[in-house]
Amino acid sequence: MCSRVIITVVMHDFQVLFDHGEHSELLDPAMAPYGKLGFPAPVEGRPWIYANFVQTLDGIVSLLGNEAAGFDISGVPEDRWLMDLLRAYADAVLLGMGTLREEQRMARPRPRGPVFRIVDPGLQQLRAKLHRGRERNVLVTTRADFQLSDYAVFDGKYVDATVITTREGASKLERQSDSHPFVDIIGVDSGEDKKVDLRQAVAALNERYGINYLLYEGGPALYSGLLTAGLIDEKFLTVSPMEVGRLSAFGLRPSVLPDVGFSKEDAVRWHWLSCRRIGDFQFHRFRRR
Ligand SMILES: NC(=O)c1ccc[n+]([C@@H]2O[C@H](COP(=O)([O-])OP(=O)(O)OC[C@H]3O[C@@H](n4cnc5c(N)ncnc54)[C@H](OP(=O)(O)O)[C@@H]3O)[C@@H](O)[C@H]2O)c1
Numbered sequence: 155m156c157s158r159v160i161i162t163v164v165m166h167d168f169q170v171l172f173d174h175g176e177h178s179e180l181l182d183p184a185m186a187p188y189g190k191l192g193f194p195a196p197v198e199g200r201p202w203i204y205a206n207f208v209q210t211l212d213g214i215v216s217l218l219g220n221e222a223a224g225f226d227i228s229g230v231p232e233d234r235w236l237m238d239l240l241r242a243y244a245d246a247v248l249l250g251m252g253t254l255r256e257e258q259r260m261a262r263p264r265p266r267g268p269v270f271r272i273v274d275p276g277l278q279q280l281r282a283k284l285h286r287g288r289e290r291n292v293l294v295t296t297r298a299d300f301q302l303s304d305y306a307v308f309d310g311k312y313v314d315a316t317v318i319t320t321r322e323g324a325s326k327l328e329r330q331s332d333s334h335p336f337v338d339i340i341g342v343d344s345g346e347d348k349k350v351d352l353r354q355a356v357a358a359l360n361e362r363y364g365i366n367y368l369l370y371e372g373g374p375a376l377y378s379g380l381l382t383a384g385l386i387d388e389k390f391l392t393v394s395p396m397e398v399g400r401l402s403a404f405g406l407r408p409s410v411l412p413d414v415g416f417s418k419e420d421a422v423r424w425h426w427l428s429c430r431r432i433g434d435f436q437f438h439r440f441r442r443r
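Right under this line is the structure:
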């Protein structure tokens with residue numbers, strides 16, 4: 155006998171406390187739970203880059219262990235839906251290889267890890283109306299010491315994929331290109347320190363694919379590099395009403411800037427653009443001054 159379990163997810167509308175953001179390019183019923191959402195024109199020569207994070211009240215972005223993902227901190231369907239809404243506007247989603255590795259290690263949502271794509275059908279349609287094209291996941295790695303076949307994201311089934319790495323990393327990964335013809339490899343570094351040049355990397359995304367809006371979904375290590383390089387224009391931040399502290403059996407839990415320490419003068423400062431709530435959860439939007 156075959157039985158089916160139907161799970162109904164109850165979504166609440168976001169309560170808008172204030173919103174000084176741009177008016178929507180398009181007023182679509184699919185956006186109704188959030189209300190208006192628009193973005194400014196992209197910066198010349200590179201995409202407009204907006205990050206999306208969830209953190210605890212005390213600023214932790216990963217609980218580590220087997221509860222290391224952002225969803226372990228948010229846990230509400232509205233935050234998952236908001237991620238889809240932000241993906242609908244993005245030409246591509248950018249991530250550090252650490253986030254993919256962790257989610258694959260936890261077998262979330264399947265043994266070979268996630269594909270970072272829109273699942274809400276209404277928001278898939280919104281993306282089509284916005285003419286954003288096929289979804290693309292872009293992974294950044296310095297070491298490039300993995301097998302593409304270990305990760306579902308490189309299968310080419312739901313999204314196109316790009317790996318950004320150093321020139322040395324690119325030549326390593328290109329050896330696997332025969333089995334993964336749909337994964338594009340970009341090697342960009344300054345030549346001296348053998349690190350990925352992040353400015354060159356995002357300019358290459360703009361030039362190669364015409365990417366104007368780039369959504370950064372984590373994690374903290376690559377965020378630190380992008381922020382330091384002046385490449386984060388905005389951040390959407392969900393604050394979950396829990397406090398956990400830094401200590402865990404698996405090490406120190408990271409904040410969004412684990413390896414960075416700016417002076418007061420050099421602190422990155424933000425305009426608070428909008429604020430929404432659902433119950434005890436806060437949904438902020440900040441724009442870099
Ligand atoms: N709360 C949230 O919203 C949220 C969002 C995303 C992720 N997370 C969580 O954060 C954790 C992962 O954190 P993470 O800091 O390790 O992940 P990450 O930033 O996604 O990835 C770090 C890796 O990215 C590459 N990388 C980072 N900076 C680079 C740079 N400047 N140039 C070139 N490559 C660079 C390196 O890859 P190689 O080692 O391959 O060289 C590095 O090990 C996971 O538990 C994840 O679930 C939470």
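The numbers in this note's numbering rise by one with no breaks, and the one at position 28 of the sequence shown is 182.
Even for Gly, the Cβ is constructed at its ideal location relative to N, Cα and C.
If contacts are defined as beta-carbon pairs under 8 Å, then residue i and residue j qualify, I think. What distance do you get, rounded to the angstrom?
| i | j | result |
| --- | --- | --- |
| Val350 | Thr316 | Not quite, the Cβ-Cβ distance comes to about 13 Å (not below 8 Å), so this is no contact. |
| Gly323 | Gly345 | No, Gly323 and Gly345 are not in contact; Cβ-Cβ is about 13 Å, not under 8 Å. |
| Ser378 | Val414 | 5 Å |
| Tyr305 | Gln258 | 6 Å |
Could you tell me the alpha carbon to alpha carbon distance between residue i and residue j, rounded to whole angstroms?
| i | j | result |
| --- | --- | --- |
| Asp347 | His334 | 29 Å |
| Leu180 | Gly192 | 8 Å |
| Ser428 | Phe404 | 35 Å |
| Leu249 | Leu376 | 8 Å |
| Asn206 | Asn360 | 20 Å |
| Ser325 | Ala298 | 9 Å |
| Val170 | Leu277 | 20 Å |
| Gly399 | Gly229 | 18 Å |
| Glu328 | Gly224 | 31 Å |
| Val294 | Leu381 | 15 Å |
| Asp434 | Pro395 | 6 Å |
| Phe308 | Asp238 | 20 Å |
| Gln354 | Tyr363 | 14 Å |
| Tyr367 | Arg266 | 28 Å |
| Arg264 | Leu352 | 30 Å |
| Ile227 | Val215 | 7 Å |
| Phe172 | Ile432 | 14 Å |
| Gly384 | Leu411 | 14 Å |
| Ala421 | Arg442 | 11 Å |
| Arg321 | Ile339 | 10 Å |
| Thr253 | Ser409 | 14 Å |
| Leu445 | Val197 | Any answer about residue 445 is impossible in this case: the structure gives the chain only from 155 up to 443. |
| Thr296 | Asp332 | 21 Å |
| His174 | Phe168 | 16 Å |
Spatial neighbours of residue i within its chain, please: C-beta separation below 6 Å, excluding the five flanking residues on both sides.
| i | result |
| --- | --- |
| Gln330 | Leu302 |
| Asp444 | Residue numbering for the chain in the displayed model covers 155 to 443; residue 444 lies beyond these limits and cannot be assessed. |
| Glu256 | Ala222 |
| Gln436 | Val393 |
| His438 | Leu391 and Cys429 |
| Ile365 | Pro201, Asp245, Ala246 and Leu359 |
Who are the Cβ neighbours of residue i in its own chain at under 8 Å, not counting the five residues just before and after it?
| i | result |
| --- | --- |
| Glu419 | none |
| Gly119 | In this structure the chain extends from 155 to 443, so residue 119 is not present and cannot be described. |
| Arg288 | Val313 and Asp314 |
| Val163 | Pro231 |
| Gly199 | Ala357 and Asn360 |
| Glu397 | Thr210, Leu211 and Asp212 |
| Leu284 | Glu179, Leu180, Ala242 and Tyr243 |
| Leu240 | Tyr204, Asn206, Leu369 and Phe390 |
Quick check: is the beta carbon of residue i nearer than 8 Å to any beta carbon in chain B?
| i | result |
| --- | --- |
| Gly287 | In summary, chain B is missing from the structure at hand, where a single protein chain is found. |
Residues in its own chain within less than 7 Å of residue i by CB, not counting five upstream and five downstream?
| i | result |
| --- | --- |
| Arg440 | Note that residue 440 is Phe in the sequence shown, not Arg. Excluding residues within five positions, the ones whose Cβ falls inside 7 Å are Glu388, Lys389, Leu391, Trp424, His425, Trp426 and Leu427. |
| Pro194 | Glu176 and Trp202 |
| Arg262 | Ala223 and Pro268 |
Touch test, the region 180-191 against the region 366-383, Cβ-Cβ under 8 Å, three pairs minimum: no
Ordered list of alpha helix (DSSP H) runs contained in the region 336-382, each at least 4 residues: 352-363 and 374-382
Within the region 222-305, ranges of the beta strand (DSSP E) (whole runs, at least 3 residues): 246-250 and 290-294
Touch test, the region 302-313 against the region 198-214, Cβ-Cβ under 8 Å, three pairs minimum: no
Meets three-Cβ-pair contact criterion under 8 Å: the region 267-277 and the region 375-391: no
Contiguous beta strand (DSSP E) assignments of at least 3 residues, all confined to the region 161-198: As far as the region 161-198 is concerned, its whole beta strand (DSSP E) runs of at least 3 residues are 169-173.
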